[in-house]
Amino acid sequence: MSTQKTIVTPIEYMPDPETYPIKPAKKSKEGLDLEVNVIAEMVPEQGLLKRCYVQPNIPTFGAFELLCDEGLSIGGSNLAPAPLAYLAAGIAFCFLTHLKGYADYKQLKIFNIKLEQKMKFQSRIPGMTSDTGGQMEGYPNGLETNVIIDSDESPETINEMIKVSEKACMAAQTVVNAVPSTINIFQNGIQI
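Residue numbers (full-length UniProt numbering): 1 to 192.
Right, here's the structure in full:
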């Protein structure tokens with residue numbers, strides 16, 4: 001098993017997906033229509049180690065290669081964060097971006113912002129995470145975020161900043177609202 005330690009690596013460009021073209025972000029009446037493009041694959045002969053290439057389609061946003069693994073208890077090697085760790089961290093990072101953006105835009109006196117967040121799930125994998133059942137299932141059980149702020153602003157101003165920033169955080173909105181999802185299958189280069 002590899003002991004590679006570089007978890008996130010900036011790359012020159014995003015590889016082209018095989019199944020769809022990458023389109024640039026575009027402005028519409030409603031706002032900026034954007035995508036985050038991801039190509040993910042298993043790293044050969046490395047257990048549950050995975051690699052992905054990721055880049056938003058927004059000009060000036062860079063492309064990165066990320067590694068992802070699983071914990072030892074389910075056959076991983078613990079060489080990189082697990083998928084749910086990336087999901088939780090992505091939501092926290094996105095929310096922090098919007099909090100900082102709002103504070104800067106409104107010129108608020110904020111000295112420090114920190115999030116402590118808990119994402120709750122239930123895993124039902126017969127023989128591994130549950131005693132019974134016939135199929136694998138996963139369930140979200142909530143997202144709890146504590147925003148810790150050092151500021152001279154009024155509680156009303158801070159509450160408004162939180163409310164606006166939560167609505168603007170696309171990552172949080174993805175998990176707190178039902179979103180359409182499509183899975184297309186391509187076997188040996190042919191969509192089935």
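Yeah, the Cβ is synthetic: ideal placement off N, Cα and C, and Gly gets one too.
Practice prompt. Please name the residue, chosen from ILE192, GLN173, SER181, that lies closest to GLY90 on a Cα-to-Cα basis.
Written response: GLN173
*Just the C-alpha distance for LYS120 and ILE22, rounded to the nearest angstrom, thanks.*
33 angstroms
With a Cβ-Cβ cutoff of 9 angstroms, do PRO24 and ILE39 count as a contact? no
message: Is LEU84 close to the ligand NAD? I mean its beta-carbon at under 8 angstroms from any heavy atom of the ligand.
response: Inclusion of the ligand NAD in the displayed structure is not the case, the ligand content being empty and no account of it being possible.
task = State the DSSP-derived secondary structure class of MET136, mapped to helix, strand or coil.
result = coil
query: For SER165, is the classification buried or exposed, using 16 other Cβ atoms within 10 angstroms of its Cβ as the cut-off for buried?
result: buried
Alpha carbon to alpha carbon, how far is SER77 from SER151? 42 angstroms
Straight-line Cα distance separating TYR86 from ASN37:
15 angstroms
Exercise. May I have the straight-line CA-CA distance separating GLN55 from ILE7, to the nearest angstrom?
Key: 16 angstroms
(message) On the CB-based measure, 16 or more other CB atoms within 10 Å of its CB, does ILE110 come out buried or exposed?
(response) buried
Exercise for review: Over the uninterrupted beta strand (DSSP E) stretch that includes PRO56, give me the two end residues.
Suggested key: 50-56
**OP:** Helix, strand or coil for MET119, going by three-state DSSP, please let me know.
**Re:** strand
- Those residues which DSSP pairs with SER151 across a bridge: ILE110
Notebook entry, point to check: Around the Cβ of TYR105, are there at least 16 other Cβ atoms within 10 angstroms (buried) or fewer (exposed)?
Noted result: exposed
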